[in-house]
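With the working numbering applied, the sequence shown covers 47 to 255.
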Amino acid sequence: MTRIVIADDHAFLRAGLEQVLGSLGFAIVASVGDGDAALAAVAEKDPDLVIVDLRMPGRNGVAVLEALRAQGDTRPVLMLAAEIDDASLVAAIRLGVNGILLKDSDASALKEAIDTVMAGTRAISMAMMERAFMLASQPSPANPLDALGERDRRIVEGVAAGLRNREIAENLAISEGSVKVYLHRIFDRLNVGNRTELALLVRGGEGGR
47 MTRIVIADDH AFLRAGLEQV LGSLGFAIVA SVGDGDAALA AVAEKDPDLV
97 IVDLRMPGRN GVAVLEALRA QGDTRPVLML AAEIDDASLV AAIRLGVNGI
147 LLKDSDASAL KEAIDTVMAG TRAISMAMME RAFMLASQPS PANPLDALGE
197 RDRRIVEGVA AGLRNREIAE NLAISEGSVK VYLHRIFDRL NVGNRTELAL
247 LVRGGEGGR
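This is the structure:
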């Protein structure tokens with residue numbers, strides 16, 4: 047029996063997913079509401095499959111996938127999304143996501159996706175793969191980080207290096223509160239939602255230099 051960890055911040059939707067998966071004969075070994083809890087559950091329960099919501103506060107689905115792959119964890123990850131933006135689609139595929147399923151899919155599509163990824167094949171629609179290929183083949187736009195001022199760039203570099211706000215503040219001789227204010231402004235300016243997305247943006251920009 048396939049053992050599954052579920053991560054979705056919407057409790058109602060998560061309960062429905064648990065019910066559907068249970069009726070399909072799968073074993074839910076953990077059901078959690080955020081990315082950090084998902085990683086902890088994977089470490090503790092050692093599931094066969096991780097089903098993770100793309101959009102979650104804090105560590106989102108792409109960030110969970112990135113953390114698992116960074117640890118050398120190659121177990122199947124199936125990502126659920128109400129919709130998926132271009133950046134998340136390309137990032138998820140580059141990180142080796144095994145399946146992407148839209149949340150308006152029915153139970154039979156969910157079972158098919160699980161069976162497919164557990165058999166070692168990607169469960170990603172042709173339309174999504176073609177879209178990702180098209181996006182990846184387009185010329186890289188100008189690096190948005192180039193428009194940042196010196197202090198903002200140093201803060202961004204600190205985030206990409208994995209430093210905490212306190213450590214960044216000490217390096218720049220400013221308060222931790224100021225770092226938070228600068229970060230929120232940087233998030234808005236670069237259109238990213240959290241530190242992981244910012245770090246991915248930095249790495250992508252460095253790769254294009």
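For each residue, glycine too, the CB sits at the ideal point set by N, CA and C.
The three-state reading of DSSP puts residue 128 in coil, since its state is none of H, G, I, E or B. Leaving aside the five residues that flank residue 247 on each side, the residues in its chain whose CB is nearer than 8 Å to its CB run, in chain order, 190, 191, 236 and 238. The shortest CA-to-CA distance from residue 115 to any of 196, 135 and 141 is the one to 141. A direct Cα-to-Cα measurement between residue 86 and residue 163 gives close to 22 Å. Residue 160 carries a helical assignment under DSSP once its states are collapsed to helix, strand and coil.
Residue 204 counts as buried, since no fewer than 16 other beta carbons sit within 10 angstroms of its beta carbon.
About 14 Å separates the beta carbon of residue 81 from that of residue 127, a gap too long to meet the 8 Å contact definition. Taking C-beta atoms under 8 Å as the contact rule, residue 79 and residue 119 fail to qualify, at a distance of about 21 Å. The beta carbons of residue 157 and residue 70 sit closer together than 8 Å. In the structure shown, residue 139 falls within a helical segment according to DSSP collapsed to helix, strand and coil. Secondary-structure assignment with DSSP links residue 76 through a beta bridge to 51. Boundaries of the beta strand (DSSP E) around residue 97: 95-99.
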